[in-house]
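Counting the sequence shown from 1 gives a position; the working numbering is that position plus 1. Worksheet: one structure, shown below.
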Amino acid sequence: MDYMRYVLQARCAVREGLEHGQKEVVWKLISAEFVLTDTSRTHWERKLSMDKLGIAWDAAASVVNQYRNGRFMVPKKVLEAKTSRGSDRDGLKTDMIVLFQESWCSPQDGNSLADICESMCPLFYGGAQAKYRIINYQNFHGENTVHATKLEDVKPRRRRNAEVHYQ
Numbered sequence: 002m003d004y005m006r007y008v009l010q011a012r013c014a015v016r017e018g019l020e021h022g023q024k025e026v027v028w029k030l031i032s033a034e035f036v037l038t039d040t041s042r043t044h045w046e047r048k049l050s051m052d053k054l055g056i057a058w059d060a061a062a063s064v065v066n067q068y069r070n071g072r073f074m075v076p077k078k079v080l081e082a083k084t085s086r087g088s089d090r091d092g093l094k095t096d097m098i099v100l101f102q103e104s105w106c107s108p109q110d111g112n113s114l115a116d117i118c119e120s121m122c123p124l125f126y127g128g129a130q131a132k133y134r135i136i137n138y139q140n141f142h143g144e145n146t147v148h149a150t151k152l153e154d155v156k157p158r159r160r161r162n163a164e165v166h167y168q
């Protein structure tokens with residue numbers, strides 16, 4: 002878990018702008034996951050790894066909450082993920098369906114998009130939930146382009162009373 006927190010903070014630090022030499026080292030560490038995995042064919046991944054959640058946090062800190070006025074939405078769970086390799090020029094494409102939920106962070110509380118990664122904004126219990134499709138393109142230079150589309154709002158399940166009354 003500490004490794005994943007390090008990777009997420011590294012992604013945020015790179016986005017905020019480190020010196021060129023530091024960026025190169027950090028991007029090599031982050032992109033090592035793509036070199037070590039077989040991405041020659043497209044497949045839906047049943048066992049979703051923490052790096053997919055890292056991409057979802059990256060999307061939360063950029064496109065998902067870009068124009069949001071209320072509480073920021075943060076990733077709760079990656080529901081589906083597919084990684085495919087394009088041509089030699091395209092790099093990797095990761096297509097995910099992610100469940101987002103409202104967090105305690107918001108612009109009214111003085112938080113910015115950078116704070117989403119810095120403080121790993123905790124979930125707001127009972128907050129609104131929504132499904133997003135996140136598409137991340139990574140070229141062979143380690144540069145990411147993230148797109149997000151809201152698919153639907155998720156209504157909370159009503160819990161039935163588990164008590165049984167006998168007469």
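Note that beta-carbon positions come from the ideal geometry of N, C-alpha and C, so glycine has one too.
Worksheet item: Relative to the C-alpha of methionine 51, which residue among Thr84, Val64, Val79 is closest?
Response: Val79
Practice prompt. Pair every Cβ in the region 137 to 148 with every Cβ in the region 98 to 110, then say whether three or more of these pairs are closer than 8 Å.
Written response: no
Discussion item. Let me check one thing: in DSSP terms, what residues is arginine 69 bridge-paired to?
Written reply: None, per the DSSP bridge assignment.
Item to complete: State buried or exposed for proline 76, treating a residue as buried only when at least 16 other CB atoms are found within 10 Å of its CB.
Response: buried
Worksheet item: Under 8 Å, do alanine 129 and aspartate 154 count as touching if we go by C-beta distance?
Response: yes
Worksheet item: Taking just the CA atoms, how far does alanine 149 sit from alanine 62?
Response: 11 Å
Item to complete: Mind reading off the beta-carbon distance from phenylalanine 73 to cysteine 122? Whole number of angstroms is fine, and I expect it under 8 Å.
Response: 6 Å
Worksheet item: Between the Cα of valine 65 and the Cα atoms of Ser113, Asn140, Gln139, Lys156, which residue gives the shortest distance?
Response: Ser113
Discussion item. Cutting at 7 Å between CB atoms, please list the residues of its own chain near serine 107, excluding the five before and the five after it.
Written reply: Gly71, Arg72, Phe73
Worksheet item: How is serine 113 classed by DSSP in three states: helix, strand or coil?
Response: coil
Worksheet item: Of all the options Leu93, Asp59, Met97, which has the alpha carbon lying nearest to the alpha carbon of isoleucine 136?
Response: Met97
Practice prompt. Assign lysine 60 to one of three DSSP states: helix, strand, or coil.
Written response: For clarity, residue 60 is alanine in the given sequence; the question names lysine instead. In the structure shown, alanine 60 sits in a helix (DSSP, three-state: H, G or I).
Practice prompt. Might you give, ordered along the chain, the residues of its own chain that have their beta carbon closer than 8 Å to the beta carbon of phenylalanine 125, omitting 5 neighbours on each side?
Written response: Arg72, Gln102, Glu103, Ser104, Trp105
Worksheet item: For glutamine 139, which residues of its own chain have a beta-carbon under 6 Å away from its beta-carbon, when the five flanking residues on both sides are left out?
Response: Gly92, Leu93, Asn145
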